[in-house]
Amino acid sequence: MWEDASKKDAKEPNLPPKDRETVQAPKRRKGGDTLLWTQLLLCTALIAAVLAARFCYRPLYRSMQRLFYEALEAPGLDLDGGHELAKFTQEAAAELWTAARQVMAEWQTAAQPAAARVGVRSVRRVPDRQAPSGSRLEGYDPPFDFGYPLPFVVQNATSSYGWRTDPVTGQGEEFHTGTDLPVAEGTQVLAAADGVVRVAGSHKSYGNYLRILHPNGDETLYAHMQYLYVRPGQKVQKQQVLGTSGQTGNVTGPHLHFELLHGGIRYDPTEALEQAAG
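Position in the sequence shown (first residue = 1) + 417 = the working numbering.
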């Protein structure tokens, strides 16, 4: 048989036309690759933000986590497509940012200094030292007629409200939740305002003590008493005799330990006592 001696193009494969077309690799779009990687990085940053919130503020973490998973479960989401991924990232970022702002605003409101609320005054702050849970460093003005808890005014407290060295052991520090008014044992203790006796009993530290509920939900506490003349549930009037002062409980001598509470939180009673003293 005769051989075909014509020259053939060595670069052209011996394939059918349709196969010859498929050999050519599709051109890649640089812009699409850049967009995809950018969105992947943003998505990674969102996940990192959610995890970071876990260690900063748990309510914020829970909100961001919920919104993130809701975005992942959005119908029709295709994470393999650049357009869908871009849309997901932008929407998720917007939702998470909104949630973060709302939660942080609530957090700031909850942590608002007590001095910003009605009746509370900032009277003393110890640098780099905060009050323990259940107490504030600020003072408080009761919004009702407030009287002195003794028949006479004591000029100098033996121990003021706030941080102090433990007076019993003489070592370490403790937060003193009231003001100690030095008086002789057997001195009459008076109700600072009208109210109802909530507690009348004995306590390891307070000794014999009373806790009275006043209008507006405020309370006064009288500790280390010798005798108690009232009982729980009894109504009392301002300047009514509640009992006598003593030295029961954890004390070094006779005195009246007086506390002022607002919203269940203890405040410095110093200025309230000074105003009551007139």
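Beta carbons: idealized from backbone N, C-alpha and C, even for Gly.
Model, not experiment: these values are computed from the prediction.
Can you list, in chain order, the residues of its chain whose CB lies under 6 Å from that of residue i, leaving out five sequence neighbours each side?
| i | result |
| --- | --- |
| Arg615 | Arg628, Leu630 |
| Val613 | Leu630, Lys652 |
| His679 | Tyr557, Asp635 |
| Gln657 | Ala608 |
| Val668 | His641 |
| Arg581 | His593 |
DSSP three-state label for residue i, please.
| i | result |
| --- | --- |
| Asn625 | strand |
| Tyr665 | Per the sequence presented here, residue 665 reads as Thr, with Tyr not at that position. If DSSP states are grouped into helix, strand and coil, Thr665 belongs with coil. |
| Ala640 | strand |
| Leu567 | coil |
| Ala694 | helix |
| Gly670 | coil |
| Ala548 | coil |
| Thr461 | helix |
| Gly634 | helix |
| Glu688 | helix |
| Thr575 | coil |
| Val614 | strand |
| Val606 | strand |
| Tyr646 | coil |
| Phe592 | strand |
Closest by CA to residue i, which one among the options?
| i | options | result |
| --- | --- | --- |
| Phe563 | Val668, Gln654, Pro549, Ser662 | Gln654 |
| Val571 | Tyr646, Thr604, Ala640 | Thr604 |
| Gly663 | Tyr623, Ser552, Gly680, Asn573 | Tyr623 |
| Tyr639 | Gly551, Pro566, Thr461, Arg546 | Pro566 |
| Leu673 | His679, Gly681, Leu659 | Leu659 |
| Tyr646 | Thr665, Asp635, Gly666, Asn625 | Asn625 |
| Gly695 | Arg546, Gly551, Phe569 | Phe569 |
| Phe675 | Gly551, Gly595, Ala601 | Gly595 |
I'd like the list of long-range same chain contacts for residue i, defined as Cβ closer than 7 Å, with 5 residues on each side in sequence excluded.
| i | result |
| --- | --- |
| Phe561 | Ala610, His631, Pro632, Asn633 |
| Thr661 | Gly603, Thr604, Gln605, Val606, Met642, Gln643, Tyr644 |
| Pro649 | Val614, Arg615, Val616, Ala617 |
| Pro599 | Val571, Thr575, His672 |
| Gly670 | Gln664 |
| Thr586 | none |
| Gly551 | Ile682, Arg683 |
| Ala601 | Pro671 |
Rounded C-beta distance between residue i and residue j? I'm assuming under 8 Å.
| i | j | result |
| --- | --- | --- |
| Leu677 | Thr637 | 6 Å |
| Asp583 | Gly589 | 5 Å |
| Thr687 | Tyr578 | 6 Å |
Once you ignore the five residues that flank residue i on each side, which residues in its own chain have a CB closer than 8 Å to its CB?
| i | result |
| --- | --- |
| Pro549 | Phe592 |
| Gln692 | Asp558, Phe563 |
| His620 | Tyr626, Ala640, Gly666 |
| Asn573 | Pro599 |
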